[in-house]
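Chemist: Dropping the structure in here first, questions after.
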Amino acid sequence: MKKIIFVISILAFIITSCTTGNNVVRYTEARNYFHNKDVPIPEQLKITTEAEFNKHFSPAAFMGKGGEVTPIDFTHSFVVAKVLPVTDRETLLKPLKLTKTGNNNLELTYQVKIGKKQSYSTQPMFIVVVDKRYKNYTVKEVVR
């Protein structure tokens, strides 16, 4: 009896793992951009053209390892960005996963951690680059 329950548990775990994995949408996190101050901060920003992207963001390249901006090819992808207001608090804003949750729906799960006060201000944000086949999907946010 214990063996049967064990086998059923393992099978249920495998089936659940397989179904969840199929809904994961791959993305790349874009690095070394900043949000332009003269543009209002949107709640969520889905950008499908280079012109619109350049209106909201500018490159922030620096010399050294990892200093180049992530190239974004809008003929093959689009971006989803999350931008928070300028703050003097240490803030971690990090995308965790992007999943397909139904017909034409994506769910972007991200983490926000607010820390101690700093002597300077920053504007927490992230940009994820997604395959263009999901361009017409609606993106819903989930905060962890």
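Take the sequence shown: its letters are residues 0 to 143, numbered as in numbering that gives the first Met the number 0.
Heads up, the beta-carbon is just placed ideally off N, CA and C, and yes, glycines get one too.
1) Considering only C-alpha positions, which residue in the set Phe125, Thr90, Ala60 and Glu49 is nearest to Thr74?
2) Counting only the same chain and skipping the five closest in sequence on each side, list residues whose C-beta sits under 6 Å from that of Gln117.
3) Could you check which residue in Thr137, Val142, Val141 and Arg143 has the C-alpha nearest to that of Phe77?
4) Suppose contacts are defined by Cβ-Cβ distances below 9 Å. Is Asn35 in contact with Lys54 by that definition?
5) Can you give, in chain order, each stretch of the beta strand (DSSP E) that sits fully within the segment 73-97 and has at least 3 residues?
6) Look at the Cβ atom of Val24, then the Cβ atom of Leu95, and state whether they are nearer than 9 Å.
7) Round the Cβ separation of Thr108 and Arg143 to the nearest angstrom and send it over; I've been treating them as touching at under 8 Å.
8) What is the C-beta distance between Val128 and Leu97, in whole angstroms, given that I count them as a contact (C-beta under 8 Å)?
9) Between which two residues does the beta strand (DSSP E) holding Phe33 run?
10) Round the Cβ separation of Phe125 and Ala80 to the nearest angstrom and send it over; I've been treating them as touching at under 8 Å.
11) Helix, strand or coil for Lys134? Go by DSSP, reduced to three states.
12) In its own chain, which residues sit with a C-beta less than 8 Å from the C-beta of Val38, not counting the 5 before and 5 after it?
Modeler: This is what the structure holds:
1) Within the sequence shown, numbered from 1, the residue matching residue 74 stands at position 75. That would be Glu49, whose Cα lies nearest to the Cα of Thr74.
2) Position 118 of the sequence shown, counted from the start, is the residue given in the question as residue 117. Here the set comprises Asp87 and Glu89.
3) Working through the sequence shown from its first residue, we reach residue 77 at position 78. It is Thr137.
4) For the purposes of this step, residue 35 is taken as the residue at position 36 of the sequence shown. For the purposes of this step, residue 54 is taken as the residue at position 55 of the sequence shown. For Asn35 and Lys54, yes; Cβs fall inside 9 Å.
5) 76-82
6) Looking up residue 24 in the sequence shown gives position 25. Looking up residue 95 in the sequence shown gives position 96. Taking 9 Å as the Cβ cut-off, Val24 and Leu95 do not qualify as a contacting pair.
7) Position 109 of the sequence shown holds residue 108. Position 144 of the sequence shown holds residue 143. Rounded, the Cβ-Cβ distance is 6 Å, consistent with contact.
8) Here residue 128 refers to the residue found at position 129 of the sequence shown. Here residue 97 refers to the residue found at position 98 of the sequence shown. Actually they do not touch by this definition, with Cβ atoms about 11 Å apart.
9) Position 34 of the sequence shown, counted from the first residue, corresponds to residue 33. Note, Phe33: beta strand (DSSP E), Tyr32 to His34.
10) One-based indexing of the sequence shown puts residue 125 at position 126. One-based indexing of the sequence shown puts residue 80 at position 81. Right, the Cβ-Cβ distance comes to about 7 Å (below 8 Å), so this counts as a contact.
11) Within the sequence shown, the letter at position 135 stands for residue 134. Here Lys134 sits in coil by DSSP.
12) Counted from its first residue, the sequence shown places residue 38 at position 39. Counting only residues of its own chain and dropping the five nearest sequence neighbours on each side, Val38 has a CB closer than 8 Å to the CB of Lys54 and His55.
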